[in-house]
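Participant: Residue numbers (this note's numbering): 78 to 183.
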Amino acid sequence: METCIACSMPLMRPQDKGNDTEYGPICIHCTRPDGGMKSCKEIFEGGVAFFITTTGNADRKLAEKLVRKTMNDLSYWQNNPCPCLDGDTASDEEFAAATAKLQEHE
Ligand SMILES: [Zn+2]
């Protein structure tokens, strides 16, 4: 299955995909109205909001660390580094706990 190169969201349905870029597909959440890719900061903030609402966990610091870990693992951001991805990242334990919570909500 394809995943978004910018946020790693699985593109399960055709309508989940926002566009194709020269690097690969991007999801609707990472696509601007003009079809381009949102900035790193916008995608980062979207991911933080997603983690806070989906896990019911209002800890913004933890959400930021989780999103940083997700995005820093993606080859797109390794090739296109952005200052908003510098900083603390979640530990594997924190990440596993958050992923388990996400799956409870699916
Ligand atoms: Zn995305």
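In this text, a Cβ means the ideal position worked out from N, Cα and C, and glycines have one as well.
Can C117 and C81 be called in contact, C-beta distance under 9 Å?
Facilitator: In the sequence shown, the residue the question calls residue 117 occupies position 40. In the sequence shown, the residue the question calls residue 81 occupies position 4. Taking 9 Å as the Cβ cut-off, C117 and C81 do not qualify as a contacting pair.
Participant: Would you check if there are 3 or more beta carbon pairs closer than 8 Å linking the region 91-101 to the region 118-133?
Facilitator: With a cut-off of 8 Å, the region 118-133 and the region 91-101 do not count as touching, because too few Cβ pairs lie within range.
Participant: Among N96, R137, L162, L143, whose alpha-carbon lies nearest the alpha-carbon of A177?
Facilitator: Along the sequence shown, one-based indexing puts residue 177 at 100. Comparing Cα positions, the closest option is L143.
Participant: With DSSP run on the structure shown, which of helix, strand or coil describes G113?
Facilitator: Counting from one through the sequence shown, the residue named residue 113 turns up at place 36. Three-state result, G113: coil.
Participant: DSSP three-state call for C104: helix, strand or coil?
Facilitator: For the purposes of this step, residue 104 is taken as residue 27 along the sequence shown, with counting starting at 1. In the structure shown, C104 sits in a strand (DSSP, three-state: E or B).
Participant: Tell me the DSSP bridge mates of D97?
Facilitator: As a working note, residue 97 is residue 20 in the sequence shown. D97 is bridged to P102.
Participant: With a threshold of 8 Å, establish whether the CB of M89 neighbours any heavy atom of ligand 1.
Facilitator: Position 12 of the sequence shown, counted from the start, is the residue given in the question as residue 89. Not so, every heavy atom of ligand 1 lies at least 8 Å from the Cβ.
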